Every structure is written in structure tokens, then in C-alpha cells.
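I have placed the structure first, in the form of C-alpha cells, so that the comments after it can refer back to it.
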Amino acid sequence: KDGKLVSYLLDLEAATKLKMKPNGKAFKRAGFYGGYDLDPVPSIGPSTIRLEPGKLHTDELIETIRDGIYIDSLLGTMMGNALTGMLSGNINLGFVIKNGEVVGRIKDAMLSINLFESLKSSLVDLSADMTRTAGWGGKVELPSVLLDNCTVAVKS
């Protein structure tokens, strides 16, 4: 809360190791194509990941961008590293922004960021509107995120 760790996700094993009480934060992992995998035991995980929204709608955030890219979707991000925060993916749908207006589509490009560092040092704003989707074992509710100084590789 407010950028500070206030609790842990604790199943029975993690709680025992940390000498704490379990808090029911274990889940049965969903299979890649839906349903539930019967083999693995329940593991630690959130039921919902949610980032608190900002005050401006995504369209209003775009109007504040002088020179940038709006990325609607990335491909291949599940290969990122959750421990280090490294995230990279091909820009599936993205648009070039000049002086607050979308002027074209970006193709053959890839985003590569350290998510932890970007949220700490490059976060400009969050949108008021949220996108809801299913994640591994739970739901994800996120606003659009406006970042400054991200690395985008473009095919020449």
C-alpha cells in the first residue's frame, strides 16, 4: 500500500518457513489452454493483481505525449523474468504519437524494459480506465501506464 509491502502471499509451506500464519493465498494453477492441471500441488499466487488507476482517461494521457508510442498489446511477454523484472515482447499493436495525436502504426518493433525500474523511475501517470483480463491463476486489472524513456528496438 502506498509503495510499501504490507503483507505476504502465504501458503502453508511459506508460512511455516517464515514462522507466520498461512493466509489462504494458494491456488491451483490453470492450464495453458484453460481448465486446471491435475498434477501440480497448489502454489502461492494472487487471486487478483490490480494497480490503482489514475485520474485521466487513456485518450487524455495520449494528448500529453509530444513524441512517443502507444502500445496496445505485446506478444511473448510471458517469457519475461518475474524475479528480475525484465520484460520484453514484440509490439503486436502499437501507434506512433506526435504532439498528442496518433499519426501512424508501428510495425516490426520490440519493447524491452525492466518493469521494476520503470515503475520506480520512469512512471509518469496511470489512466483512470482499466483493462481486465485473466492471468495465470487469477485476474489482472490494470490501467494504461505512461512511461518515459523506454527502449524500443525497430527493424531497420
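When you line the sequence shown up against our numbering, it's residues 1281 to 1436, in that order.
Virtual Cβ for every residue (Gly too), placed ideally from N, Cα, C.
Predicted, not measured: the structure shown is a model, and the values here were computed from it.
Review point. Since L1391 and L1355 are thought to touch, with beta carbons under 8 angstroms apart, how far apart are those beta carbons, to the nearest angstrom?
Key: 10 angstroms between Cβ atoms; not a contact.
Check your understanding: Which residue from I1324, E1332, L1298, D1291 puts its Cα closest to that of G1283?
Key -> If you compare the alpha carbons of I1324, E1332, L1298, D1291 with that of G1283, the shortest gap goes to E1332.
Point to revise | Integer-rounded CB distance, given that I1386 should sit under 8 angstroms from L1367 | key: About 18 angstroms; that fails the 8 angstroms criterion.
Review point. Nearest chain B C-beta to S1327 closer than 8 angstroms, yes or no?
Key: Here there is only one protein chain, and chain B is not present.
Review point. Below 8 angstroms between beta carbons: does that hold for T1411 and L1427?
Key: Taking 8 angstroms as the Cβ cut-off, T1411 and L1427 do not qualify as a contacting pair.
Review point. Roughly how far, in whole angstroms, is the beta-carbon of I1377 from the beta-carbon of I1349, given that I think they are within contact range, below 8 angstroms?
Key: Going by Cβ atoms, the distance from I1377 to I1349 rounds to 7 angstroms, so yes, they are a contact pair.
Review point. Which of the three DSSP states, helix, strand or coil, is assigned to D1339?
Key: Looking at D1339 - three-state DSSP - the assignment turns out to be helix.
Point to revise | 7 angstroms Cβ shell around G1380 - same chain, five flanking residues per side excluded | key: Answer for G1380: I1342, E1343, T1344, I1345, listed in chain order.
Point to revise | Given R1330 as reference, the closest of L1373, A1433, V1425, T1431 once Cα atoms are compared | key: Considering only alpha carbons, the answer is V1425.
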